[in-house]
Ligand code: NAD
Ligand code: DAU
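In C-alpha cells:
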C-alpha cells in the first residue's frame, strides 16, 4: 500500500511517518509538505534513509502540484495532517488558516475523486466541539457533540470536517475522520504549551501562563494518536468520525509545575499574562467508540509521557535550537513582549 502523508514534516505527521515505517515496513510513504515555519526536514532525517520513503515539497492548496503528485505516485491512502495548527497564530492571521485548512483540504478531496483512492483520512481536532465548563467534570465530547467553534483555527478545521463528510455523502468518497485531543511528545514545535515551557525553563526564562492557568486540556502522547490513525485507515468504517483522547486531563498550571519540578526550576519563573481571546476552558474526549470498534487504547499515561518528553528535549537540543531562528524570535516578541 502507498500512503500519502501530507504535513509529514510537522509534529504529528512526522511521528506518524516514523510509526508507519516501523510498524508496516511493507508499505511505502510519500510525504507532501510545504515546509512552512512548522515543517522541519530534521524531523524526517531517519525516514529519509529508508527507500520506502520519499519527500515532495509542495502546498496542498496548489491544485496543479497536488494533481501532478497523484498522477505520478498514485497513492492508495491519503492521511491529511497538513494544516496551520496554532490557535494564537489564527488570531493574528485568520486568512492563512482558511486557505490551508479549508481550501487545501478541498484540493486534496478533489484529487482523490479525480484519481481514485482507497481511503482519505482527515486528521481533525477536538477543538471543533468548542469547550466544556470547568466545573462539569462529568461532561465529555462524543462524536455526536455539536460543532461549536471558538477560534479561526477551530472554525477552519470544522469547515474541513464538513467538507470531508460532504464528499462522502455526495460523491461516495471513502473518507474517515478523527478528532483528537492535545498531543505532546518528540518534535513538537516550541510555540505550543509543553515544548515552549520546557525550553523557556531550561533557559531560566519566564513561563507565560495565559489567564489564571486553570484551563484544562486532555493530553495524549503523540504515538498513541499515531496508533489510532493507523487503526482507522486500516479498519475504520468509511463515513465515520472517531474521537481520540487519553483521559489525561490537567490544568495548564499543573502541566507547567510538573515541567518545573522535573527540571528542578523554581515556580517563580511563572508569569501570568493576558488571556488568549476566546480561550476554550476545558477539552475532554470520550474515546469509547474507537476503543470498542477498533480495540484502541492509549499506552502512555501523562505522568510517564511527560517525563519522556522532557528527556527528549534534553537529549535533542540541536533539533529545537535550530528552530529558534530569527522568525521564531520575532513571533515570540510579537506574542509575549507586551502581553
Ligand atoms: P504542525 O504545525 O506541527 O505541522 C503542520 C505541518 O503541515 C508542517 O510540516 C507544515 O509545513 C505543513 N503545512 C502547513 N501548511 C501546509 C500546506 N499548505 N501544504 C502542505 N503542508 C503544509 O501541526 P501538528 O501539531 O503536527 O498537527 C497536525 C494535524 O493534526 C493538524 O491538522 C492539526 O489540526 C491536527 N491536530 C493537532 C493536535 C495537536 O495537539 N497538535 C491535536 C489534534 C489534531
Ligand atoms: O485540542 C487539540 C488542539 O490542541 C490542536 O487542534 C491544536 O493544533 C493544538 O495547537 C492544541 O491547541 P491548544 O490551544 O490547546 O494548544 P496550545 O499548546 O497552544 O495551548 C495549550 C493551553 O496552554 C491552552 O489553554 C493555552 C495555554 N497556553 C499556551 C501557550 C502557548 C499558555 O498558557 N501559555 C502559552 O504560552
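In the working numbering, the protein residues as written are 1 to 339.
Even glycine gets a Cβ: it sits at the ideal position worked out from N, Cα and C.
Nothing here was measured: the structure is a model prediction, and the numbers come from that model.
heavy atom of the ligand NAD below 8 angstroms from residue i C-beta
i           : result
residue 23  : no
residue 36  : yes
residue 180 : yes
residue 12  : yes
residue 9   : yes
residue 6   : yes
residue 274 : no
residue 61  : yes
Neighbourhood of residue i by C-beta, 6 angstroms cutoff - its chain only, sequence neighbours within 5 removed
i           : result
residue 158 : 128, 147, 149
residue 141 : 126, 129, 285
residue 185 : 221, 222, 309
residue 226 : 15, 16, 19
residue 180 : 225, 244
Separation of residue j from residue i, as counted between CA atoms
i           : j           : result
residue 85  : residue 94  : 11 angstroms
residue 124 : residue 82  : 10 angstroms
residue 47  : residue 334 : 34 angstroms
residue 320 : residue 8   : 17 angstroms
residue 339 : residue 197 : 16 angstroms
residue 22  : residue 274 : 43 angstroms
residue 328 : residue 44  : 20 angstroms
residue 76  : residue 120 : 9 angstroms
residue 131 : residue 295 : 27 angstroms
residue 224 : residue 15  : 10 angstroms
residue 297 : residue 54  : 30 angstroms
residue 116 : residue 2   : 13 angstroms
residue 330 : residue 171 : 44 angstroms
residue 25  : residue 289 : 28 angstroms
residue 69  : residue 92  : 32 angstroms
residue 144 : residue 251 : 25 angstroms
residue 325 : residue 183 : 24 angstroms
Option in the options with minimal Cα separation from residue i
i           : options            : result
residue 49  : 64, 17, 75         : 17
residue 59  : 279, 192, 80, 234  : 80
residue 103 : 63, 237, 212, 73   : 63
residue 188 : 306, 57, 279       : 306
residue 234 : 301, 11, 20, 10    : 20
residue 66  : 152, 312, 110      : 110
residue 72  : 39, 138, 61, 32    : 32
residue 237 : 245, 173, 279, 139 : 173
residue 217 : 40, 316, 192, 282  : 282
residue 359 : 303, 314, 277, 311 : Examination of residue 359 is not possible in this model, given that the chain is present from 1 through 339 alone.
residue 154 : 87, 315, 12, 215   : 87
residue 246 : 232, 156, 219, 136 : 219
Distance cut-off 8 angstroms: residue i Cβ against heavy atoms of the ligand DAU
i           : result
residue 15  : no
residue 261 : no
residue 227 : no
residue 279 : yes
residue 153 : yes
residue 194 : yes
Contacting residues, own chain, Cβ-Cβ under 8 angstroms from residue i (five flanking each side not counted)
i           : result
residue 201 : 207, 259, 260, 263, 265, 269
residue 169 : 239
residue 122 : 80, 105, 160, 161, 164, 175, 176, 177, 178
The ligand FAD heavy atom lying under 8 angstroms from the CB of residue i
i          : result
residue 84 : Although the ligand FAD was asked about, the structure shown includes only the ligand NAD and the ligand DAU as ligands.
Beta-carbon proximity list for residue i, same chain, < 7 angstroms, skipping 5 on both sides
i           : result
residue 106 : 163
residue 96  : 84
residue 42  : 319, 322
residue 291 : 297
residue 267 : 257, 260
Enumerated in chain order, which unbroken segments of the beta strand (DSSP E) with a length of 3 residues or greater are wholly contained in the region 173-208? Within the region 173-208, the complete beta strand (DSSP E) runs of at least 3 residues fall at 175-180.
Any alpha helix (DSSP H) of 4 or more consecutive residues that is wholly inside the region 4-56: DSSP runs (the alpha helix (DSSP H)) wholly in the region 4-56: 11-23.
Would you mind listing the beta strand (DSSP E) stretches within the region 112-176 that are 3+ residues and don't spill past its ends, in chain order? Runs of the beta strand (DSSP E) lying entirely within the region 112-176 and spanning at least 3 residues, in chain order: 119-125.
Could you give the uninterrupted runs of the beta strand (DSSP E) lying entirely in the region 206-253, keeping only those of 3 residues or more? Taken in chain order, the unbroken stretches of beta strand (DSSP E) that lie wholly in the region 206-253 and span 3 residues or more are 207-210, 216-218, 241-244, 249-251.
Taking only runs that begin and end inside the region 245-314, name each unbroken alpha helix (DSSP H) of 4 or more residues, in chain order. Runs of the alpha helix (DSSP H) spanning 4 or more residues and lying entirely within the region 245-314 occur at 252-262, 288-294, in chain order.
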